[in-house]
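J.: In this note's numbering, the protein residues as written are 78 to 427. Where a beta carbon is used, it is the ideal one built from N, C-alpha and C, also for glycine. Note that the coordinates shown come from a computational prediction; the quantities given were computed from them, not determined experimentally. Structure provided below as structure tokens; questions to follow.
Here it is as structure tokens:
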């Protein structure tokens with residue numbers, strides 16, 4: 078499983094995984110390449126532009142275009158594709174190609190659970206990954222008990238993806254499908270909670286319909302382990318589609334209280350971050366001379382400042398905390414419960 082050549086990629090994995098997505102009949106596949114030195118935020122636009130580090134976005138229905146894209150960018154970029162098809166080639170108001178937003182997704186035909194290994198890199202051995210694979214195999218009865226096919230499995234480079242392929246679902250006819258998938262993930266987490274804790278694993282909370290994933294067969298620049306796509310055929314499961322649609326999420330369900338963490342910072346927060354020096358300092362984890370100066374202390378202060386600047390959406394506040402590089406969620410391994418508690422306390426203190 079060790080990746081010996083940092084300047085290579087596994088062509089067969091790229092081809093097989095692209096075919097597995099099955100996007101062609103529903104729309105386009107979005108491709109995205111992010112430079113290893115790219116700095117997010119509008120304040121860094123000029124710097125990224127001057128150094129040719131702006132993200133590269135492309136749309137295709139052709140595997141040869143995917144191979145060209147990966148071949149061109151994989152050495153110094155992280156190459157990704159969209160999990161679900163895009164309805165067309167998307168452009169912004171200036172006529173430039175843009176990435177898809179959540180509301181752009183019309184068809185759901187793929188989703189996955191991202192099981193991430195939280196151990197230090199030095200402990201991510203082949204033996205440990207084999208133990209994780211053995212654990213995943215032991216959870217197949219969770220799916221069999223519900224009359225649905227066990228998911229496919231792929232290696233992410235730092236964990237495993239459980240790949241689900243329902244019969245395509247029209248999002249406009251089932252606008253709550255994301256919430257139902259979240260409930261499905263919660264049920265799976267509860268089923269194997271003890272094993273997840275024992276093996277130091279975490280299932281990523283991000284389940285955006287527009288989600289991107291690193292192209293299988295590639296790795297991040299300067300990383301030895303590539304993501305791997307194992308030999309498997311796509312089998313769309315009508316029982317899975319029926320099961321998801323019939324999931325009931327009522328007001329007492331944990332899915333109602335779960336936070337929706339997006340993959341990118343809210344635009345209104347990005348604008349404030351560019352222009353508000355105090356928020357910039359708190360975001361960076363600097364500037365406090367009194368009170369709690371821990372990672373969680375800065376998280377709490379950041380939420381209060383966001384509220385004062387009219388950012389009040391719970392999911393936006395949760396996303397901001399989850400994506401703060403020096404925050405307790407990323408630095409200290411805190412979970413969604415911590416985020417909900419921090420946001421709640423900040424709201425109550427205002």
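What is the DSSP secondary structure of residue 137, counted as helix, strand or coil?
T.: Looking up residue 137 in the chain shown gives position 60. Strand.
J.: Rounding to the nearest angstrom, what Cα-Cα distance links residue 123 and residue 419 in this structure?
T.: Against the chain shown, residue 123 aligns to sequence position 46. Against the chain shown, residue 419 aligns to sequence position 342. About 34 Å.
J.: Mark residue 369 as exposed unless 16 or more other C-beta atoms lie within 10 angstroms of its C-beta, in which case mark it buried.
T.: Numbered from its first residue, the chain shown carries residue 369 at position 292. Exposed, because fewer than 16 other Cβ atoms sit within 10 Å of the Cβ of residue 369.
J.: So who's on the other strand from residue 229, going by DSSP bridges?
T.: What you label residue 229 is simply residue 152 of the chain shown in a count that begins at 1. Paired residue(s): 240.
J.: Taking the beta carbon of residue 148 as the centre, do at least 16 other beta carbons fall within 10 Å, making it buried, or is it exposed?
T.: If you number the chain shown from 1, residue 148 lands on position 71. Exposed: under 16 other Cβ atoms inside 10 Å.
J.: Roughly how many angstroms separate the alpha carbons of residue 100 and residue 161, rounded to a whole number?
T.: The residue given as residue 100 occupies position 23 in the chain shown. The residue given as residue 161 occupies position 84 in the chain shown. The alpha-carbon atoms of residue 100 and residue 161 are separated by roughly 7 Å.
J.: Going by DSSP, which residues form a beta bridge with residue 168?
T.: As a working note, residue 168 is residue 91 in the chain shown. Beta-bridge partners assigned by DSSP to residue 168: 174.
J.: Can you find the residues in the same chain that come closer than 7 Å, C-beta to C-beta, to residue 175, ignoring five residues on each side of it along the sequence?
T.: Here the question's residue 175 lines up with position 98 in the chain shown. Contacts found: 134, 167, 168 and 169.
J.: Could you spell out where the beta strand (DSSP E) holding residue 190 opens and where it closes?
T.: Taking the first residue of the chain shown as 1, we reach residue 190 at position 113. First-last of the beta strand (DSSP E) with residue 190: 188-194.
J.: From the DSSP output, in three-state form, read off residue 90 for me.
T.: Residue 90 sits at position 13 when you count from the first residue of the chain shown. DSSP places residue 90 in helix when its eight states are reduced to three.
J.: Between which two residues does the beta strand (DSSP E) harbouring residue 425 extend?
T.: Residue numbering aside, residue 425 sits at position 348 when the chain shown is read from its first letter. Segment 413-426 is the alpha helix (DSSP H) holding residue 425; no beta strand (DSSP E) there.
J.: So, helix, strand or coil for residue 428, using DSSP?
T.: In this structure the chain extends from 78 to 427, so residue 428 is not present and cannot be described.
J.: Under 6 Å Cβ to Cβ from residue 267, same chain only, skipping five residues before and after it: list those, please.
T.: Along the chain shown, one-based indexing puts residue 267 at 190. Sequence-distant Cβ neighbours of residue 267 in its own chain, meaning closer than 6 Å and more than five residues away, do not exist here.
J.: Within its chain, find whatever has a CB closer than 6 Å to the CB of residue 340; leave out the 5 residues flanking it on each side and keep chain order.
T.: Your numbering for residue 340 matches position 263 in the chain shown. Same-chain partners within the cutoff: 283 and 285.
J.: Please name the residue, chosen from 295, 187 and 109, that lies closest to residue 91 on a Cα-to-Cα basis.
T.: Taking the first residue of the chain shown as position 1, residue 91 is located at position 14. The shortest C-alpha separation from residue 91 is found at 295.
J.: Taking residue 182 as part of the alpha helix (DSSP H), name the residues at either end of that continuous run.
T.: In the chain shown, residue 182 corresponds to position 105, counting from 1. Run containing residue 182: none; DSSP gives neither H nor E here.
J.: So what does DSSP say about residue 163, is it helix, strand or coil?
T.: As a working mapping, residue 163 is identified with position 86 in the chain shown. Strand, per DSSP.
J.: Quick check: the Cα distance between residue 361 and residue 155, rounded to an integer number of angstroms?
T.: Locating residue 361 in the chain shown gives position 284, where the first residue counts as 1. Locating residue 155 in the chain shown gives position 78, where the first residue counts as 1. Using only the alpha carbons, I get a separation of about 24 Å.
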